[in-house]
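Taken in order, these protein sequences are the chains called G and V. Residue numbers for the first sequence follow my numbering, beginning at 210 and rising by one. Residue numbers for the second sequence follow my numbering, beginning at 210 and rising by one. Data first, discussion second: the structure below is written as C-alpha cells.
Protein chains: 2
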Amino acid sequence: MNTTDNSRQALMDATRGLVLTRSYGSVGIAGICERAGVRRGSLYHFFPGKEDLVIATLEALYTEFTAEVLEPALRGPGGLRERMAAFVGAIHAFQARMQAAEGRLPGCPFGSLAVETGTQSPRLREAMQGHLDAIRAQFRAALDAAVAHGELDARTDTARLADHWLALMEGILLMARAEQDADTILRLAPALQDLLLTTHPDGDAP
Amino acid sequence: MNTTDNSRQALMDATRGLVLTRSYGSVGIAGICERAGVRRGSLYHFFPGKEDLVIATLEALYTEFTAEVLEPALRGPGGLRERMAAFVGAIHAFQARMQAAEGRLPGCPFGSLAVETGTQSPRLREAMQGHLDAIRAQFRAALDAAVAHGELDARTDTARLADHWLALMEGILLMARAEQDADTILRLAPALQDLLLTTHPDGDAP
DNA sequence: CCTTGCGTTTACCGACTGGTCAACTAGACT
DNA sequence: AGTCTAGTTGACCAGTCGGTAAACGCAAGG
C-alpha cells in the first residue's frame, strides 16, 4: 500500500481522461490536478512538466491498447476477415465506452496528438509517431499471417498494405471524432474490408 | 483602393497561414495581429472574436480550394483514374507549397480543426463538418460521372464509396502531417486507387 | 532523540490569454 | 465649416497558463 505512486497514477489517469477527449493544448495542469485530487506542486515532484506527463500517459495507454485490444483481436481465432472484424469491434467498443464515460469520443489519441503537437512539441510528436509505427508493425504481422495461411496472395506487399491500413484507420477514427459518433466507425469499416481483402492490381495499369 | 477591407483581409491571410500549420488553440490573436500588421483592437471591429475570424478564414479557404483544386481536378480530362491522379497531384503540390512557405505541412485543415475543436467550439466544428460534407458530395459527383461513363459498375454505391474516399483522404493527410512529409501523400495515394478502382464484392461474403 | 529524505502543500511568479473601451483620425457628405 | 462614421489605436482588464520554491508532515533509520 505504498502511497508513493498513488498520486503519480492518479495524475496519469486524470490526464488520460482529459487529453483523449479534449486536446493537448486545451487541457491545463490545473484541470488535471483537480481531477486527480492532487495539488499542483505535487505534479512537478513526479514529472518534469506537462509534456512529460502526457508522454508517460500515452506510453501507458499504448501498452494497454496493445495488450488488451490489438493483440487479442489480431491474433484471435479465424482468418484475416474475422480478425479484422474483431479489431473493428474492439475499437468501436472502446470509443463508445469512452464517449459514455467522458461525454466525448476520443478518436485515435496517437494520431490526434501527433497532428496537434507536430508543430510545437517535437518530443511528443516523436513519441506518437513511435506508437503509430508500432501499431503499423502489428498490422503487418497480421497480414503476414494471412499470407502464410494462404488467405492473401503470396506476392502481397504486406508492408505497403499495413501502411494503407493504418492510414485508413486513422481516417475512420478522425471522421468518427469529427462527427462525435461511434457508429461512424461501423459505417466506414467496410472500406477496410475492401482495402485489405480484395485482390490488388500489380501497380498501374498500362 | 478602399482601405476598408485591407485589415480584414490581412487578418484572414495571417490567420490562414498560422492556423493551418499550427493549431486553433496554439494560435493567439496577438500572433495573428502582429503578422497582419494590425493592432489588436482592430480585429474586434471586423470580427466578433477569434472563433468567427477562424470560421470566416476557413470558409474562404474552402471556396478557394473548391475552385482551384477540387473542381479542376475532378472535372478535368481523362477518366476517373486520371482525375484522381490530378487530384492527388494538386493536393500534394498544395501541401508541399505550404510547407515551403510556412515551414509546416498543414494536412487537411477542415479535418484537423474538426478534430481539435470538436469538443470545445460547436460552431467551429459544425462549420468544418459542413465543408467536409461538401467535399464528400464533390467526390460523389466524380464517382457518378465515372459510373455514367461506364468506368465503374452501374451498381456501385457512389455515396458509400465517396464516404470511404473522404475517410481515406483524411487518413492520408493526417499521416502526412504527423510525419511532416509531403511525400507521404504520394506514398499512400495508391491506396486510393485500390479503394476506388477495384471491383468490390457486394456486401459480406457468405 | 534526531536526522534524513520523500511526498505534500501553498503562496507566488512572469508571461500570456481573449476581450473591452474610450479616445482619436481621416475621408465623405451636407 | 460642421457633422458623421468607418476605421484605428493603445491602455487596460480579469483570468489562466505552466512552472517555481520554500516550508511542512511524517515515517524510516541511525
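For every residue, glycine included, the Cβ atom is placed at its ideal position computed from N, Cα and C. Only a predicted model underlies this, so the values are computations on that prediction, with no experimental measurement involved.
Residue i versus residue j - alpha carbon distance
i	j	result
E335 of chain V	A323 of chain V	8 Å
R386 of chain G	P318 of chain V	15 Å
Y253 of chain V	F296 of chain G	49 Å
H292 of chain V	A276 of chain G	Just to set this straight, residue 292 of chain V is Arg in the shown sequence, not His. Each residue's Cα considered, the two are about 43 Å apart.
L279 of chain G	Y271 of chain G	10 Å
L341 of chain G	F348 of chain G	11 Å
D261 of chain V	G240 of chain V	16 Å
S232 of chain G	G339 of chain V	22 Å
E419 of chain G	P331 of chain V	Shown here, chain G extends from 210 to 415; a query on residue 419 of chain G therefore has no answer.
A343 of chain V	F274 of chain G	35 Å
G237 of chain V	S321 of chain V	17 Å
A299 of chain V	S235 of chain G	33 Å
T365 of chain G	A354 of chain V	31 Å
A265 of chain G	P257 of chain G	11 Å
A346 of chain G	N215 of chain V	51 Å
K259 of chain V	T367 of chain V	38 Å
V228 of chain V	T393 of chain V	21 Å
Q402 of chain G	Q402 of chain V	15 Å
P399 of chain G	C242 of chain V	46 Å
M221 of chain V	Q308 of chain V	19 Å
R306 of chain G	P281 of chain V	43 Å
A269 of chain V	L382 of chain V	20 Å
E388 of chain G	L267 of chain V	18 Å
V263 of chain V	L395 of chain V	29 Å
A294 of chain V	A294 of chain G	31 Å
Rounded distance between the beta-carbons of residue j and residue i, thought under 8 Å
i	j	result
G250 of chain G	A219 of chain G	15 Å between Cβ atoms; not a contact.
L370 of chain G	L352 of chain G	6 Å
L289 of chain G	L406 of chain G	7 Å
T230 of chain V	E311 of chain V	4 Å
A223 of chain V	R244 of chain V	4 Å
E379 of chain V	M384 of chain G	6 Å
H301 of chain G	A391 of chain G	6 Å
R284 of chain G	F255 of chain G	Actually they do not touch by this definition, with Cβ atoms about 35 Å apart.
T328 of chain G	R313 of chain V	5 Å
P315 of chain G	Q304 of chain G	7 Å
H373 of chain V	L404 of chain V	6 Å
V486 of chain V	A350 of chain V	Outside the displayed span of chain V (210 to 415) sits residue 486 of chain V, for which this structure offers no information.
Residue i in three-state terms, based on DSSP
i	result
A414 of chain V	Reliability of the predicted coordinates at A414 of chain V is poor, the pLDDT of 40 falling under 50, and no value is obtained from them.
Y271 of chain G	helix
C317 of chain G	coil
S216 of chain V	helix
V263 of chain V	helix
G339 of chain V	helix
P286 of chain V	coil
R231 of chain V	coil
H301 of chain G	helix
L361 of chain G	coil
T328 of chain V	coil
G226 of chain G	helix
E277 of chain V	helix
R349 of chain G	helix
Span of the alpha helix (DSSP H) around residue i
i	result
D403 of chain V	392 to 406
Y253 of chain V	249 to 255
E379 of chain V	367 to 388
R244 of chain V	238 to 245
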